[in-house]
Amino acid sequence: MVNVIVILEIDPARVDEFLEVITYNAAESVKEPGCLRFEVSRQFDQPNLFALSESYVDKEAMDAHYLTPHFAVWKEKSATGFVAKRWSVKGPVLE
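In the working numbering, each number is its position in the sequence shown, counted from 1, plus 239.
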């Protein structure tokens with residue numbers, strides 16, 4: 240299994256725009272055959288800070304995710320600048 244953890248700080252003035260795009264991406268991602276989970280969490284005391292938690296059956300499934308139409312929408316929209324800061328960890332789950 241491969242996990243992707245992403246922390247996103249969003250421009251406070253554009254949180255609604257971000258939410259529209261990321262909830263669409265998450266809803267479509269969980270329909271992918273190799274996607275086990277795609278969850279979006281929001282920080283209690285900093286409402287423009289979000290975490291994405293994704294799990295895929297393997298690296299091939301994760302790589303296939305990046306070729307989907309809904310990921311293309313995410314990539315296009317996020318390139319407009321609503322993401323102020325981004326951190327991520329991608330890799331296999333250690334046993």
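All C-beta atoms, glycine included, are put in the ideal place defined by N, C-alpha and C.
Counting C-beta pairs closer than 8 Å gives three or more between the stretch 258 to 267 and the stretch 313 to 329, which meets the contact rule. Annotation for F321: I249, D250, R253, E256, F257 place their beta carbon closer than 7 Å to its own, counting only its chain and skipping 5 residues before and after.
Straight across, the Cα-Cα distance linking A311 with A300 is about 16 Å. In this structure, DSSP gives A266 a helical state, which the three-state scheme calls helix.
Residue burial annotation: W326 is exposed, with fewer than 16 other C-beta atoms found within 10 angstroms of its C-beta.
In this structure, DSSP gives E271 a state outside helix and strand, which the three-state scheme calls coil.
Annotation: I244 to P286 spans about 18 Å, alpha carbon to alpha carbon.
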